[in-house]
Amino acid sequence: MTVLDRRALNRASLARQHLLERAPLPALDAVAHLGGLQAQEPQEPYVGLWSRLAGFDPAELSGHLAARRVVRTHLMRRTVHLVTADDALAWRSRHDAMLRQRLLGVYRQDLAAVDLDELAAAGSRLITDEARTLPEVGRALADRWPDVAPRVLGEALGTLVPVVQVPPRGLWGEAGPARCLLVASWLGRPVDPPAPDGADPVGESLVLRYLAAYGPAASADLRAWSGLAGLPGTVAAVRERLVGFRDERGRELLDLPDAPRPDPDTPAPVRFLPAFDNAILGYDDRSRIVDDADRGLSVAGERAVLVDGRVAGTWTSTADGAVTVTPRRRFTRADRSAVAEEGRALAGFLSAGAHHRVTVAASPG
13 MTVLDRRALN
23 RASLARQHLL
33 ERAPLPALDA
43 VAHLGGLQAQ
53 EPQEPYVGLW
63 SRLAGFDPAE
73 LSGHLAARRV
83 VRTHLMRRTV
93 HLVTADDALA
103 WRSRHDAMLR
113 QRLLGVYRQD
123 LAAVDLDELA
133 AAGSRLITDE
143 ARTLPEVGRA
153 LADRWPDVAP
163 RVLGEALGTL
173 VPVVQVPPRG
183 LWGEAGPARC
193 LLVASWLGRP
203 VDPPAPDGAD
213 PVGESLVLRY
223 LAAYGPAASA
233 DLRAWSGLAG
243 LPGTVAAVRE
253 RLVGFRDERG
263 RELLDLPDAP
273 RPDPDTPAPV
283 RFLPAFDNAI
293 LGYDDRSRIV
303 DDADRGLSVA
313 GERAVLVDGR
323 VAGTWTSTAD
333 GAVTVTPRRR
343 FTRADRSAVA
353 EEGRALAGFL
363 SAGAHHRVTV
373 AASPG
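Just so it is clear: in the sequence shown, position 326 is 338 by my numbering, and no numbers are missing.
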């Protein structure tokens with residue numbers, strides 16, 4: 013079985029993530045291809061798409077949010093994701109058990125005396141016709157469960173029940189509280205029910221779509237991205253449609269036969285990634301894109317700079333769009349020039365044509 017080293021896996025992932033070359037895709041198609049973008053920080057998906065798409069206009073994505081073609085909802089790993097409305101409806105039931113399990117992993121003791129189905133029913137009635145923040149809903153439910161913190165009641169409801177965060181939350185350049193409404197109210201129909209008779213068409217689709225955007229990858233990587241356990245049977249169901257490789261650790265990697273696996277020597281341009289970007293968090297073994305010493309950066313919400321396809325620094329920005337890059341390793345003169353050039357383009361995107369200020373700090377050591 014062919015062994016793919018870290019560089020080969022890096023170039024394959026960059027190609028699937030549209031980070032080797034900006035793709036001429038509509039924003040809606042890109043969100044679907046990526047299986048959504050992690051989005052607890054509302055403005056970050058815009059940077060993620062700017063780094064991936066040719067000529068990306070943030071108004072396009074805002075328009076999809078306002079028109080209810082994309083939504084912000086808790087899904088993979090019980091984190092807020094920006095996904096297409098179609099995927100939110102199709103995927104939510106498949107994630108229900110995982111979402112409840114992760115909720116109880118955090119709040120089992122707090123919720124020990126709460127009938128979760130009763131909580132879901134009572135809370136749903138409060139966000140059927142009027143969007144409210146989850147803390148507001150928690151306070152409204154406090155009389156029924158006075159021994160549970162309203163914040164916990166609200167967070168539980170947002171996990172147990174399919175809800176979306178409605179605009180202006182998530183619109184480009186706008187801020188607003190995370191007001192939630194039932195998915196069925198916002199999109200006009202409830203989420204798709206689980207498949208009958210133990211079939212798992214949604215799980216099989218998730219496997220194939222994950223590999224299209226992240227492969228080649230191991231089953232552990234798929235589980236780390238989705239948060240879903242019990243996937244071996246689903247993987248086995250589609251195994252004949254896949255090809256296999258091994259990584260340098262000896263793990264079996266699966267992939268779609270015709271998916272791009274570029275030459276490892278393919279040049280990789282500098283790219284600026286937003287906080288919690290899929291390209292880093294979409295794997296259990298992230299060594300294809302980030303050194304072990306820097307593995308925690310993205311989990312902590314740091315924004316990464318890729319140089320030669322790997323995390324080489326972090327970046328911050330100010331309200332007027334000025335960008336500062338902090339290297340994590342030594343930058344060559346060519347690296348600094350390329351980082352500064354891409355940073356100026358990013359500053360222009362963030363500041364809508366204002367003065368493009370970029371600072372690249374001194375390399376460590």
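Cβ atoms here follow ideal geometry from the backbone N, Cα and C, with glycine treated the same way.
Whole-Å CB distance - A51 paired with V92, under 8 Å assumed: The residue you call residue 51 lines up with position 39 of the sequence shown. The residue you call residue 92 lines up with position 80 of the sequence shown. Between A51 and V92 the beta-carbon gap is near 5 Å, inside 8 Å, which marks them as a contact.
L40 beta carbon less than 8 Å from that of V82: Against the sequence shown, residue 82 aligns to sequence position 70. Against the sequence shown, residue 40 aligns to sequence position 28. Yes; because the gap between Cβ atoms is below 8 Å, this pair is in contact.
Euclidean distance between Cα positions of V164 and I292: As a first step, residue 164 is located in the sequence shown; it is residue number 152 there, counting from the start. As a first step, residue 292 is located in the sequence shown; it is residue number 280 there, counting from the start. If you draw a straight line from the Cα of V164 to the Cα of I292, it comes to about 29 Å.
Member of W184, A211, W62 and V118 whose CA lies at the smallest distance from the CA of V167: Stepping through the sequence shown from its first residue, residue 167 is reached at position 155. According to the sequence shown, residue 167 is Glu rather than Val. That would be V118, whose Cα lies nearest to the Cα of E167.
Validate contact between the stretch 106-113 and the stretch 225-243 using beta carbons, cut 8 Å, 3 pairs: Yes, they touch.
Rounded straight-line distance, which links the Cα of S310 to that of R212: Taking the first residue of the sequence shown as 1, we reach residue 212 at position 200. Taking the first residue of the sequence shown as 1, we reach residue 310 at position 298. It is worth fixing the name first, because residue 212 is Asp in this sequence and not Arg. Distance between the alpha carbons of D212 and S310 is about 32 Å.
V335 vs L358 beta-carbon contact at 8 Å: Residue 335 sits at position 323 when you count from the first residue of the sequence shown. Residue 358 sits at position 346 when you count from the first residue of the sequence shown. Result yes, Cβ atoms of V335 and L358 sit closer than 8 Å.
Pairwise C-alpha distance: P162 and G325: Stepping through the sequence shown from its first residue, residue 325 is reached at position 313. Stepping through the sequence shown from its first residue, residue 162 is reached at position 150. Each residue's Cα considered, the two are about 39 Å apart.
Touching by the beta-carbon criterion (3+ pairs, under 8 Å), the stretch 55-64 and the stretch 246-259: Verdict: no, contact absent.
Beta-carbon proximity of L21 to R300, cut-off 8 Å: The residue labelled residue 21 in the question sits at position 9 within the sequence shown. The residue labelled residue 300 in the question sits at position 288 within the sequence shown. A contact, by the Cβ cut-off of 8 Å.
Three-state secondary structure assigned by DSSP to A236: Locating residue 236 in the sequence shown gives position 224, counting from the first residue. Note: A236 maps to helix in three-state DSSP.
8 Å Cβ cutoff met for P281 and R315: Counting from 1 along the sequence shown, the entry for residue 281 is found at position 269. Counting from 1 along the sequence shown, the entry for residue 315 is found at position 303. Taking 8 Å as the cut-off, the beta carbon of P281 is found no closer than this to the beta carbon of R315.
Outcome for S349 when other beta-carbon atoms lying within 10 angstroms are tallied against a minimum of 16: Mapped onto the sequence shown, residue 349 falls at position 337. Under this definition S349 is an exposed residue.
Buried or exposed by the 16-neighbour rule on C-beta atoms within 10 Å, applied to Q121: Numbered from its first residue, the sequence shown carries residue 121 at position 109. It is exposed - the Cβ of Q121 has fewer than 16 other Cβ atoms within 10 Å.
Reduced DSSP secondary structure (H/G/I, E/B, other) of W157: Reading the sequence shown from its first residue, position 145 is the one you call residue 157. DSSP places W157 in coil when its eight states are reduced to three.
Contacting residues, own chain, Cβ-Cβ under 8 Å from P147 (five flanking each side not counted): By 1-based counting over the sequence shown, the position of residue 147 is 135. Only P162, R163 and G166 meet the Cβ criterion.
Simplified DSSP state of S299, which is helix, strand or coil: Taking the sequence shown and counting its residues from 1, the one referred to as residue 299 is at position 287. Note: S299 maps to coil in three-state DSSP.
E264 - DSSP class collapsed to helix/strand/coil: Within the sequence shown, residue 264 is the residue found at index 252, counting from 1. Secondary structure of E264 (DSSP, three-state): strand.
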